[in-house]
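Engineer: If you scroll down you'll find the structure; I have some questions about it.
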Amino acid sequence: MEKIFVDANAWIALSSKRDQFHDSAVKLNKKLLKEKYQYVTSNFVLDETYTGLVMKVGHFAAVDFGERIRDSKITTIIHIAEELEYESWKLFKQHKDKFFSFTDCTSFVIMRQLNIYKTFTNDHHFEQMGFSILLK
Numbered sequence: 000m001e002k003i004f005v006d007a008n009a010w011i012a013l014s015s016k017r018d019q020f021h022d023s024a025v026k027l028n029k030k031l032l033k034e035k036y037q038y039v040t041s042n043f044v045l046d047e048t049y050t051g052l053v054m055k056v057g058h059f060a061a062v063d064f065g066e067r068i069r070d071s072k073i074t075t076i077i078h079i080a081e082e083l084e085y086e087s088w089k090l091f092k093q094h095k096d097k098f099f100s101f102t103d104c105t106s107f108v109i110m111r112q113l114n115i116y117k118t119f120t121n122d123h124h125f126e127q128m129g130f131s132i133l134l135k
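With the first letter of the sequence shown counted as 1, position 94 gets the number 93 in numbering that gives the first Met the number 0; the numbers rise by one all the way through.
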């Protein structure tokens, strides 16, 4: 089963009908599920997602999303431990010419470690690091 990394903006687009990428995200999600992709995300990405959902659609939607993602059989949540955080920090420091968030750097390190090259996102920073973005 091929893995794909799911970023916060994809989770938000899937969860909020008001998001400009909602329709595209729903369509892509159906395609990926049909192709039996295994979703990978992180607790840092989920932190960004909860915050984004609270701001866009409210606390109830954020909690509902959190409950659904924790019950998901197709999503693996990677927890950022000390070693992964350190590797992410080194990457963050190295790319002072980019506007990567620290969470982006944790995602890049996870993707490299797990040999994941596709990401369910529209964040061009992933392309800058050599990954394919599928939400367009």
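Using N, Cα and C, we set each Cβ at its ideal position, and we do this for glycine too. Being a predicted model, the structure only gives us computed values, none of them experimental.
Quick one: grab the DSSP three-state call for Ser87.
Structural biologist: Three-state DSSP puts Ser87 in a helix.
Engineer: Where does the unbroken beta strand (DSSP E) through Gln112 begin, and where does it stop?
Structural biologist: Taken as a continuous stretch (DSSP letters only), Gln112 belongs to no beta strand (DSSP E), being part of the alpha helix (DSSP H) at 101-112.
Engineer: Count the C-beta pairs between the region 98-117 and the region 38-46 that are closer than 8 Å, then say yes if the count reaches three, no if not.
Structural biologist: Result yes; three or more Cβ-Cβ pairs closer than 8 Å.
Engineer: Here's a check: name, in chain order, each residue in its chain whose Cβ is nearer than 6 Å to the Cβ of Val56, leaving out the five neighbours to either side.
Structural biologist: If we look at Val56 and ignore the five residues flanking it on each side, its Cβ neighbours are Ser15.
Engineer: With the cut-off set at 9 Å, would you say Ile77 and Asn114 are in Cβ contact?
Structural biologist: Result no, Cβ atoms of Ile77 and Asn114 do not sit closer than 9 Å.
Engineer: Thr74 by DSSP, collapsed to three states: which one?
Structural biologist: Three-state DSSP puts Thr74 in a strand.
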